[in-house]
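Each step along the sequence shown adds one to the number in our numbering, with nothing skipped, and position 201 is 291.
Built from N, CA and C at the ideal position, the CB exists for glycine as well.
These notes are about the structure you will find just below.
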Amino acid sequence: MNTGTPPLSPEATQQDPAVESSAINEACGPLYTSAANNKGLKNIGYLIRLNFHSISQMIEAEMEPLGLTSSQWHPIAIIGLNKANTPASVARTAEVDTGAMTRTLDRLEKKGFLKRRRSTNDRRVVELELTEKGHTVTEKLMPAVSRALNAHLKGFTDEEATLLISFLQRMQQNGNTETYERLLKELENDEGCVLSCNKNPSAT
C-alpha cells in the first residue's frame, strides 16, 4: 500500500512539473526519466536482452551435440509436439518470418531431421513430418532447454522463480496485450507446465 503523499490535483501539477514528477515517483516507484538511470545494469530492457543472449548461447551449446543450432531446435519441437505441421504455421508459431523459416527447414531436411510431403487433403499444401532421426532428437530437446533455463535460475527459490515469471508476464501484458492473451491460451492447454503461473498479473 502506498503511504506517501496523496495524488495532486491537475491544477497543482500543471503549475509545477517538478512536483508532478515527484508525485509520480512516489506513487509508482522509480521511473526511467533520465540518461543517468536508463543505462547499463539499471536498464531492464538491456538486462532482458543480456539474459536472452546468454540463454540462447547456452541452448546453442546444449544443441551442438545433437547436431542442431539454437534456431533449428525450435521447429523440430513445434512439429514434434504437434503444434504446427506446415512451413507457414511453424513460422507463425515460432514467430519467425517465413523466408528465414524456409531456410531453416531446408537445412533440417538436408540433415535428415524432417521431410516434406504433399497433404492428402489438399495437394497444394506442403506438410512437415519428422523422420525417425527427428523423433529421436525431439525427446532430448526440452531437457536440454530446461538445463539452460535452470542454470540461469541457480540460487532462486521456487517462490522467487514463480514471482519472476509473474513480473515478466505483467511486463508483456503492459507492452503487448494481444501476445500476452495468446500465451495464456497456450498455457491453459499445456498440461506439461510445471510452474504455477499467475493468470491475473495485477493480483500480485
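(1) Between E217 and N133, what straight-line distance do the alpha-carbon atoms span, to the nearest angstrom?
(2) For S111, count the other beta carbons within 10 Å of its own beta carbon; 16 or more makes it buried, fewer makes it exposed. Which is it?
(3) What residues are listed by DSSP as bridge partners for S205?
(4) Starting from F246 and walking both ways along the alpha helix (DSSP H), at which residues does that stretch end?
(5) Assuming L220 and T228 make a contact with CB atoms under 8 Å, what is their CB distance in whole Å?
(6) Which residue's Cα is closest to the Cα of V215: A178, D196, Q259 and I168?
(7) Are the CB atoms of L198 and I166 within a distance shorter than 8 Å?
(8) Ignore the nearest five residues each way along the sequence and tell me which others in A234's own chain have a CB closer than 6 Å to its CB.
(9) Between which two residues does the alpha helix (DSSP H) holding N141 run?
(10) With 16 other CB atoms within 10 Å as the buried threshold, where does E278 fall?
(11) Just the C-alpha distance for N175 and L158, rounded to the nearest angstrom, thanks.
(12) Can you check whether the CB of L204 is closer than 8 Å to the CB of G189?
(13) Between which two residues does the alpha helix (DSSP H) carrying V180 extend?
(14) For L321, count neighbouring Cβ atoms within 10 angstroms of its own Cβ and tell me buried if that reaches 16, exposed if not.
(15) Is Q147 near T194, with beta carbons less than 8 Å apart?
(16) Among G202, R213, R260 and M232, which has the Cα closest to the Cα of E222?
(17) If you run the structure through DSSP and keep just helix, strand and coil, what is Q263?
To lay it out plainly:
(1) 43 Å
(2) Residue placement at S111 is flagged as unreliable, the pLDDT there being 49, under the threshold of 50; a coordinate-derived value is accordingly withheld.
(3) One point to set straight first is that residue 205 is Lys, not Ser, in the sequence displayed. E219, per the DSSP bridge assignment.
(4) First-last for F246: undefined, no H or E at that position.
(5) 7 Å
(6) A178
(7) yes
(8) E152
(9) I134 to M153
(10) exposed
(11) 19 Å
(12) no
(13) P177 to A184
(14) Past the edges of the chain, shown from 91 to 294, lies residue 321, and the structure says nothing about it.
(15) no
(16) G202
(17) helix
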